[in-house]
Amino acid sequence: IANMAGWADSYMDVLIPDCWDRTIKEKGASNKQLIYHLKNHDYSTDAIIGSRVQMRSEYMDLSTFNIKSDIKQGQALIGNSIVKKKYDEKCFHLYSDDEIKQHSIGLRYIKIFLCMNSDEEDHSYEKGNWDKYYKYVINKDTVDSAGFFWAVTEIKLVEYSAVLYGANELTTVQETSKNIEENEPSKDT
15 IANMAGWADS YMDVLIPDCW DRTIKEKGAS NKQLIYHLKN HDYSTDAIIG SRVQMRSEYM
75 DLSTFNIKSD IKQGQALIGN SIVKKKYDEK CFHLYSDDEI KQHSIGLRYI KIFLCMNSDE
135 EDHSYEKGNW DKYYKYVINK DTVDSAGFFW AVTEIKLVEY SAVLYGANEL TTVQETSKNI
195 EENEPSKDT
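Convert by adding 14 to the 1-based position in the sequence shown; the result is the number in the numbering used here.
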């Protein structure tokens, strides 16, 4: 999972479902693969760890994460790639050994709204945003105690990275496969 919509992350960002749809459609057109699987958000060719990146979103049952919320399913941004040993041997082994536990996305904000739970007249616009987007928040206790969050309704997705600690803690590895690509010769060939 590269990200989970609806989760108030450590930056108080709440990505609203489908905020990444435009990027996925545009990046996937005509086999243009411009979304990368990197390590540590390092924007260099040395940081590429996966090839054939495919991004999609799907709804997941939040009970998978032992979350108690009025929201039962969250929209996950799923990244799939072939992590290659020849790109980065250490990351290859970390995935193989189930040591990569979280991910994070590199993004550009396209549409973002400050949401505040305030009755002050000067903050009526932000209160309107709160009323509009609060229903999407999975971890309402987090935004309730802060009194604000950022509703992100559209992003430009640049990459997803293997990281130690993602800003969004619901970015776990769901599945790995140990299959070797058919087109790659084995080391003894």
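Cβ atoms here follow ideal geometry from the backbone N, Cα and C, with glycine treated the same way.
For residue i, which beta-bridge partners are listed by DSSP?
i	result
K170	R122
S228	The structure shown does not extend to residue 228, since the chain spans only 15 to 203, so no value can be given for it.
V151	None; V151 has no bridge partner.
L4	This structure cannot settle anything about residue 4, because the visible part of the chain is limited to 15 through 203.
What's the C-alpha gap between residue i and residue j?
i	j	result
M26	W164	6 Å
I126	I92	22 Å
A43	Y50	With a pLDDT of only 43 at A43, under 50, the local geometry of the prediction cannot be trusted, and the value read off the model is given with reservation. Approximately 15 Å between the Cα atoms of the pair.
S71	D32	8 Å
V166	M69	19 Å
S77	S83	9 Å
I124	S95	26 Å
D205	K141	Outside the modelled stretch of the chain, which goes from 15 to 203, sits residue 205, for which no answer is possible.
Y109	S159	36 Å
N54	A61	8 Å
E183	D111	20 Å
K154	E173	28 Å
W144	Q188	32 Å
L128	M74	27 Å
N17	A90	6 Å
N131	K149	13 Å
Check for me: the alpha helix (DSSP H) holding residue i runs from which residue to which?
i	result
H137	That residue, H137, is in no alpha helix (DSSP H); it is neither H nor E in DSSP.
H107	103-110
S159	154-160
Mind checking which residues open and close the beta strand (DSSP E) that includes residue i?
i	result
D27	27-29
H51	50-53
Y73	62-75
V187	Careful: V187 lies outside any beta strand (DSSP E) and carries neither H nor E.
N94	87-97
Give the secondary structure of residue i by DSSP, where H, G and I count as helix, E and B as strand, and everything else as coil.
i	result
I38	helix
N143	helix
N45	Bear in mind that a pLDDT of 48 at N45, under 50, signals an unreliable position, so the number given afterwards is only what the model happens to contain. Residue state, collapsed to three classes: helix.
Less than 9 Å between the C-beta atoms of residue i and residue j, yes or no?
i	j	result
I30	H117	no
V151	A22	yes
F106	K99	yes
G120	S175	yes
V157	V28	yes
L171	T37	yes
L48	K41	yes
D35	I63	no
S65	A181	no
I85	G161	no
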